[in-house]
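In what follows, a structure is listed as structure tokens, so that the remarks can point back to it.
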Amino acid sequence: MIERVDYQGDGLGLVDDKGRCAIPASLRAALAINSPRPDGKDGGSVIIGAHQSSPCLIGYDDGYRALLKERAAQLQAAYVAKHGTHNPNLLREMVQGEPVPFDGSGRFIMPAFARFRAKIGANAFFYGTFECFEIWDPRTLIESDVAEVMKDCARFHCQQKGIAL
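In structure tokens:
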């Protein structure tokens, strides 16, 4: 098994009316290592799903999916030990996601529900968080309780592309 590399980097992607967007190069490089195509060609698969607690999406590879599944089992076991019964919502919150292909340029089609859930319109801000990367609507991010450096990063990328927030 390959050793996973961290998702570090950020960028702003333009989203067209069909939900097509491109993963920034720094994050795409990690994704290509963590989720290589079996035929060795550029591109691969990325899982896009709802974040557990923030109004954004997360993007990740199959290796991280295995970690999420393991964490869900641990949370469920702890819940059962404390309450004597399982909580089906623990798994429901962690399982939401859809694998989608991306090409050598990082272009993928953002799943419609995920895009709706995160209120992503014409712009998507990507931010690496080591194990996965987050995808935000820039305005939602600015209004959220997140680190100021992340907000400044989104503002910077929007300013660079002439997007008013």
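When the letters of the sequence shown are read in order and numbered with our numbering, they come out as residues 2 to 166.
Glycine included, every Cβ here is placed at the ideal spot set by N, Cα and C.
Given the structure is predicted, the values throughout are model-derived calculations rather than measurements.
Using CA coordinates, which residue listed in the options is at the minimum distance from residue i?
i                 : options                         : result
glycine 122       : Glu4, Gly163, Tyr8 and Arg21    : Arg21
lysine 42         : Gln97, Gly105 and Leu142        : Gly105
histidine 58      : Gly163, Ala79 and Thr141        : Here the sequence assigns leucine to residue 58, which means histidine is not the residue at that position. That would be Thr141, whose Cα lies nearest to the Cα of leucine 58.
phenylalanine 126 : Arg5, Gly14, Leu166 and Gln9    : Gly14
aspartate 18      : Tyr128, Ala113 and Glu132       : Ala113
glutamate 71      : Val147, Met95 and Pro25         : Met95
proline 25        : Phe134, Glu144 and Asp40        : Phe134
arginine 93       : Gly129, Lys83 and Leu69         : Leu69
glutamine 161     : Pro37, Asn124 and Asp146        : Asn124
glycine 129       : Ala73, Ile110, Asn90 and Asp62  : Asp62
serine 36         : Val101, Val16, Ala79 and Leu166 : Val101
Compute the beta-carbon to beta-carbon distance between residue i and residue j, rounded to the nearest angstrom, for a pair I have assumed lies under 8 Å.
i             : j            : result
alanine 23    : arginine 116 : That belief does not hold up - the Cβ atoms of alanine 23 and arginine 116 are roughly 15 Å apart, past 8 Å.
alanine 31    : aspartate 7  : 7 Å
glycine 64    : arginine 5   : 5 Å
asparagine 88 : glutamine 75 : Not a contact, Cβ separation roughly 13 Å.
proline 56    : alanine 119  : 6 Å
Going by the CB atoms, is the gap between residue j and residue i shorter than 8 Å?
i                 : j            : result
glutamine 97      : alanine 67   : no
isoleucine 48     : glutamate 99 : yes
glutamine 196     : serine 27    : Outside the shown range of the chain, which is 2 to 166, sits residue 196, and nothing can be said about it.
proline 139       : cysteine 159 : yes
isoleucine 164    : lysine 152   : no
phenylalanine 172 : glycine 45   : No answer is possible for residue 172: it lies beyond the span of the chain, which begins at 2 and ends at 166.
Is residue i close to the ligand HEM? I mean its beta-carbon at under 7 Å from any heavy atom of the ligand.
i          : result
leucine 69 : For the structure depicted, the ligand HEM is absent and the ligand set is empty, with no information on it obtainable.
Minimum length 4: unbroken alpha helix (DSSP H) runs contained in the stretch 71–144: 89–96, 113–118 and 139–144
Those runs of the beta strand (DSSP E) which lie wholly inside the stretch 6–30 and span at least 3 residues: 11–15 and 21–23
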